[in-house]
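Written out below as C-alpha cells is the structure these notes cover.
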Amino acid sequence: MLEVRDLLIRRSGKVVLDLAQLCVRPGQLLALVGPNGAGKTTLMTALAQTPPRGQGEITLHGRPCSRWRPRELARVRAYLSQQFSLAAALRVSDVVALGRSPHVTPRSVNNAIVNQCLELVGMAWASDRSYLALSGGEQQRVHMARVLAQTGPDPDSWGEHPPLLLLDEPTSSLDLGKRASVLAVAKSIARAGGMVVVVLHDINLAARYADEVCLLDHGRLQIKGPPDDVFTSERLSRTYQADLAVVTDPINGGILVIEHP
Amino acid sequence: MSLDMRSVGTANGVVLALLGVAVVLVPLAALGQGAVEIPLRDVVDVLRQAVGGGSGIDPFHYAVLTEIRLPRVILALIAGAILGLAGAMMQTLFRNPLADPGLIGSSAGAALAAAVGMILGAALFPGAAGTLGVWFVPLLAFAGAMVSMLLVLRLASHGGHADASHLLLAGIAVNALAGAGIGMLVYVATDDQLRNFTIWTLGSLAGAGWPQVIVAVCVLFVLLASVPFLLRPLNALLLGEGDAACLGFNVTYLKTVLLVLSAAGVGVVVAFCGVIGFVGLVVPNVCRLLVGPNHGALLPASALMGAALLTGADLTARTVVAPTELPIGILTALIGAPFFILLLRNRVRRLAYA
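For the record, the sequence lines run as chains A and B.
This note's numbering applies: residue 1 is where the first sequence begins, and numbers increase by one.
This note's numbering applies: residue 1001 is where the second sequence begins, and numbers increase by one.
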C-alpha cells in the first residue's frame, strides 16, 4: 500500500504540488492525467525519490520511504522516468540487467528474468544489440523492461511486499500497437497484486487501462475515481481548455473522449 | 558483479588477451633497449634470477637492469595503468568522454601542490617532509588533485551532469589558476630546482627508483582492489544519477569514492612522473570502441592498454634522440592532441555521453 499525506512541493517559491492525501492499494493501476504543468511528473519524482524531498510523508507498506534502506526500497519500487540520459553503447541485455542491481539473486535467475522482461515488451530480438542502435520507441521499451526486471515480472519473483511501479509516460514514443501491449503488461502486474502509478497523456488509454484516475490541475488533485466518473465532457473541457466530448465507444461500450473544435 | 562480467564475451576476451600479451612484450623490449643495449637473454636471466633461477649475467648489464631500467619500466606500467583507470572512472563520474586529468585541471592542481612540496617543502614543513619521505610529494599532489577536481565538479555540473563545454571551461580556469601558482613558484626557485622542475613538468620517468615504485604499487593496488566493487555502480551511473539512485545506489557516496580514487591515482603519477597528458583521455576512449562501455571489460582493458602504451611511449622517449631523452609528456601530447581534436570534431555518437 502506498500512502501520500500532506505533500507540498515548492519550486522557486511557487507551490507546484499540493496534495492532501493519496492512496494506492495492491492490485490497483492508477493513472495520473492532466494538462501540461499540472504536477504529474513532480508527483512521480516525489514518489520515486530516496528520500523524498519537500514537505509531507510518503509511506510504502506502512513504513515512510525515508526509513527504508535504499537497496531494500529499490527491490520493491521502480521508476521509469520521462527522459533517458543513457548514451553509452551498452548491450540491451546489460541495460535490463542493471535493473537487477539491488537484488542478490543468482545469475541464472537474473538472466531468466532479463529475458522474460525483454519478451514482455517485445524486445527479446534485440537482446544482444547495442542500446544506441535502437530507435527511440525501442529504447523506451528497453527501459520498461529494466524497470520490470527491477521489481520482478511476476509474483514468483516478488519478495514479501508487492512491488510499486512508477511509470512516467511509458508510451510517449510508442506506436499504437506497442502502447497497448506495454500498458497490458503494466495492467497484468496490477492484476497480480502489484501497484502501478502511470502518467498518461492519452485520456482514452487511461480510460481503458486504469482502475482509478487522478485528474491533476495547477498542482492540485481535482478529482480521483473510476474513469467513468472522472471523465465527463464538461470537466475535461474545462480542465484542458478545449472542446472535448465523452461518448460511448461503439465497439466495447466503454467511454471515448473525442475532440470537436 | 557476475552480472557485469557476463558481457565480457569472446570478442572482448580476445581484446583483453591481446592487451595482456602487449603488457608482457612491451616491457621486455623496453628493458633491453636504451643507452646500453642488453640482449633479451640477459633480460630474461635477470628476471629469472629475481625469482630464484638464472645465472652468469654480465654484472654491468645486471646493474643497469636492476638499478635503472627495471624500476623505470615498472613505474611506467603502473603509471599507465593508473592513468587508464583514473581516466575511465572520471569519464563516467563526469558522464563525459572528454574528462581527462590533464584537460580538466586535476593534473595541474596536483602539479601545483607537488611543486610546492618540491620547491618550498623543506622550508614550509620541515618535519613532515622528513617523516613522510617518499610519500610527502605524492600526498601533497593527491590533495592538489582532490581540490582541483572538487572545484571543477562544482563549477561544471548542474544536476549531476557536466556538459562538455562547462567541463572544459572549468578546466581552463583551474589550469590557468594552477599555472599562475606554478609560475610564482618558478620565480622563487633556484636555477637547479628550476631545471629539474621544468623537466618534471613536461613529464619524465627518469626519476624512477624502487622507493617510488613501492608507493605507486600501493596506490595501484587500492585502485585495482576497488574495481570489482565499482563495476555495478559505475554501469548504473551510465543511466544518470537519478536512475542510479532509484536502483538503490548511494550516488553521493559513490561519487566521493570515485573522486578520491582518481585523485589518488593522478596525484601519485604527477608526483613521480610529472604531467603526462592525454593517456587518461585516449586510452579509455579507444577501449570503449574496442570492448564497449560496460565497465566489466572497460576497466581491465583501460588498465592494460594504459600500461602498455605508457611503457612504449617511455621506450620511444628514451631511444629516438638517444643518448638524451624526450620528455614523455611531449610524446603523449603528440599522439593524444590529434585524437582529442578528433573527439571534439566528431563528438561521435558512439563515444558521447552528453
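Just so you know, even glycine gets a beta-carbon here, dropped at the ideal spot from N, CA and C.
Quick one: is residue i near chain A, going by C-beta distance under 8 Å?
i	result
B:P1300	no
B:A1297	no
B:S1007	Because the pLDDT of B:S1007 is 45, which lies under 50, any placement of that residue in the model is unreliable, and the question is left without a value.
B:G1084	no
B:Q1033	no
B:P1293	yes
B:N1285	no
B:N1012	no
B:V1348	A caution first: B:V1348 carries a pLDDT of 49, below 50, which makes its placement in the model unreliable, though a value can still be read off. It does not: the Cβ of B:V1348 has no partner Cβ on chain A nearer than 8 Å.
B:A1022	no
B:A1063	no
B:A1180	no
B:N1235	yes
Should residue i go down as buried or exposed, given a rule of 16 or more other Cβ atoms within 10 Å for buried?
i	result
A:R191	exposed
B:L1360	Here chain B has residues from 1001 to 1354 only, and residue 1360 of chain B is not among them.
A:Q83	exposed
A:W68	buried
A:G37	exposed
B:A1011	exposed
B:F1221	exposed
A:P250	exposed
B:G1265	buried
B:L1103	buried
B:A1088	buried
B:S1106	buried
B:T1324	exposed
B:N1175	buried
A:Y209	buried
A:E138	buried
A:Q241	exposed
A:D229	exposed
A:D168	buried
B:D1042	buried
A:Q150	buried
A:V15	exposed
B:V1021	exposed
B:L1025	exposed
How many whole angstroms separate the CB atoms of residue i and residue j, which I take to be in contact at a CB cut-off of 8 Å?
i	j	result
A:L43	A:L2	12 Å between Cβ atoms; not a contact.
B:P1059	B:S1204	So it is not a contact: roughly 28 Å between Cβ atoms.
A:R28	A:E160	Strictly speaking, residue 28 of chain A in this sequence is Gln, with Arg absent from that position. Going by Cβ atoms, the distance from A:Q28 to A:E160 rounds to 19 Å, so no, they are not a contact pair.
B:I1276	B:T1332	5 Å
A:E57	A:D6	7 Å
B:I1082	B:L1223	6 Å
Any Cβ of chain B within less than 8 Å of the Cβ of residue i?
i	result
A:A145	no
A:S81	yes
A:P70	yes
A:L47	no
A:L73	yes
A:R10	no
A:Q150	yes
A:A78	yes
A:V142	no
Does the Cβ of residue i lie closer than 7 Å to at least one heavy atom of the ligand ZN?
i	result
B:F1060	Judged by which ligands are present, the structure shown has none, so any question about the ligand ZN falls away.
Please name the residues in the segment 1200 to 1233 of chain B whose beta-carbon is closer than 7 Å to at least one beta-carbon of chain A, in chain order. R1232
Name the residues in the segment 1239 to 1273 of chain B whose C-beta lies less than 8 Å from a C-beta of chain A; which are they? L1239, G1240, G1242, D1243, A1245, C1246, L1247, G1248, F1249, N1250
Listed in chain order, which residues of the segment 85 to 103 of chain A have Cβ atoms closer than 9 Å to some Cβ of chain C? Among the protein chains of the structure shown, namely A and B, there is no chain C.
Runs of alpha helix (DSSP H) wholly within the segment 49 to 96 of chain A (minimum 4 residues, chain order): Within the segment 49 to 96 of chain A, the complete alpha helix (DSSP H) runs of at least 4 residues are 70 to 76.
Identify every run of the beta strand (DSSP E) within the segment 1146 to 1234 of chain B, keeping only runs that are complete inside it and at least 3 residues long; order them along the chain. none
Which runs of the alpha helix (DSSP H), 4 residues or longer, sit entirely within the segment 1246 to 1297 of chain B? 1251 to 1273, 1279 to 1291
Every unbroken beta strand (DSSP E) inside the segment 155 to 238 of chain A [3 residues or more]: Listed in chain order, they are 164 to 168, 195 to 199, 212 to 217, 220 to 225.
With a floor of 3 residues, list each beta strand (DSSP E) that falls wholly inside the segment 4 to 50 of chain A, ordered by position along the chain. 14 to 24, 29 to 33
Tell me the start and end of each unbroken alpha helix (DSSP H) in the segment 1046 to 1120 of chain B that is at least 4 residues and wholly inside, in chain order. Within the segment 1046 to 1120 of chain B, the runs of alpha helix (DSSP H) that reach at least 4 residues and sit entirely inside it are, in chain order, 1059 to 1063, 1070 to 1093, 1106 to 1115.
Report the start-end ranges of each beta strand (DSSP E) in the segment 96 to 122 of chain A that is 3 residues or longer and not cut off at the edges. none
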